[in-house]
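See below for the structure under consideration.
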Amino acid sequence: MEQDTLKKIIEGALLAAGEPLSLQRLLDLFEESERPDREQLVAALDDIAADCQDRAVELKQTASGYRFQVRQELSRWVGRLWEEKPRKYSRALLETLALIAYRQPITRGDIEQIRGVAVSSDLIRTLVEREWVRVVGHRDVPGRPALYATTRQFLDYFNLRSLDELPPLDEIRDLDEFNPLLDFSPEGESNVDGADTGERDSDSDASEPESRPSAQVVTLPLSARVDNE
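Just so we're aligned, residue 44 is where the sequence shown starts under my numbering, counting upward by one.
Given below as structure tokens:
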């Protein structure tokens with residue numbers, strides 16, 4: 044199969060899928076007689092990524108596979124396609140998520156001890172419902188508290204292929220550096236659920252899960268993708 048044809052098939056599949064596709068899922072698109080080997084497939088993906096250098100979309104590899112996404116610098120405009128304002132998460136939730144990401148597996152009690160304040164049940168529930176964290180076991184102590192760790196969806200959302208790609212903890216001076224994806228409303232808009240001005244321990248620390256991903260990682264609707272091709 045010619046390289047240009049292979050690239051078109053891959054692009055079409057990624058645009059239609061609406062979710063990351065692994066190398067194996069891409070290989071499964073082909074009958075055995077025409078199936079490229081992994082090296083050819085990776086080379087085609089590299090070519091597609093290079094072709095996107097000056098385009099509004101980029102090819103990104105995450106933990107689940109490859110996907111097209113809108114470039115971050117365009118999120119200010121692309122985000123206006125949705126009338127509903129994206130919910131923004133409290134500092135307490137972001138601190139909890141960061142602790143789970145860097146200290147996993149970790150219990151709720153561990154998080155409370157490090158943060159020095161109580162962690163609300165709604166906050167943990169929000170992270171679980173958002174599918175960023177999950178219970179991976181229980182600590183063998185009285186009460187058997189749940190151990191939390193991040194998920195593949197967490198890696199996908201933050202454009203990470205593995206936890207090894209997290210920036211070193213000592214390099215993070217501000218939560219905004221850890222979490223640029225959760226703050227993408229147009230300039231001048233205030234925080235949904237209240238701006239973070241300090242520690243808060245009530246259930247209001249956790250907002251509802253977003254109904255859509257951030258403009259940085261959102262894949263284009265199929266009609267929009269086709270128009271841009």
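Think of the CB as a built atom: it goes at the ideal place given N, C-alpha and C, for glycine as much as any other residue.
Exercise. Does the beta carbon of TRP125 sit closer than 9 Å to a beta carbon anywhere in chain B?
Worked result: No chain B is present in this structure, which holds just one protein chain.
Exercise. Does DSSP put GLN104 in a helix, a strand or coil?
Worked result: strand
Problem set entry | With 16 other Cβ atoms within 10 Å as the buried cut-off, status of PRO63 | buried
Exercise. Candidates THR169, ARG173, PRO148 and ASP165: which alpha carbon is nearest ALA192's?
Worked result: PRO148
Problem set entry | One or two residues paired with TYR109 in a DSSP bridge | LEU64 and GLN104
Exercise. Okay, do the stretch 101-115 and the stretch 196-206 touch, 3+ Cβ pairs below 8 Å being the bar?
Worked result: yes
Problem set entry | Touching by the beta-carbon criterion (3+ pairs, under 8 Å), the stretch 138-154 and the stretch 204-213 | Enough Cβ pairs lie closer than 8 Å, so yes.
For this session: Might you give, ordered along the chain, the residues of its own chain that have their beta carbon closer than 8 Å to the beta carbon of ARG81, omitting 5 neighbours on each side?
Result: LEU66 and LEU70
Problem set entry | Rounded straight-line distance, which links the Cα of ALA92 to that of VAL160 | 45 Å
Exercise. Is ARG123 helix, strand or coil by DSSP?
Worked result: Of the three classes helix, strand and coil, the one that applies to ARG123 here is helix, per DSSP.
For this session: Note down the Cα distance separating SER163 from VAL179, rounded to an integer number of angstroms.
Result: 20 Å
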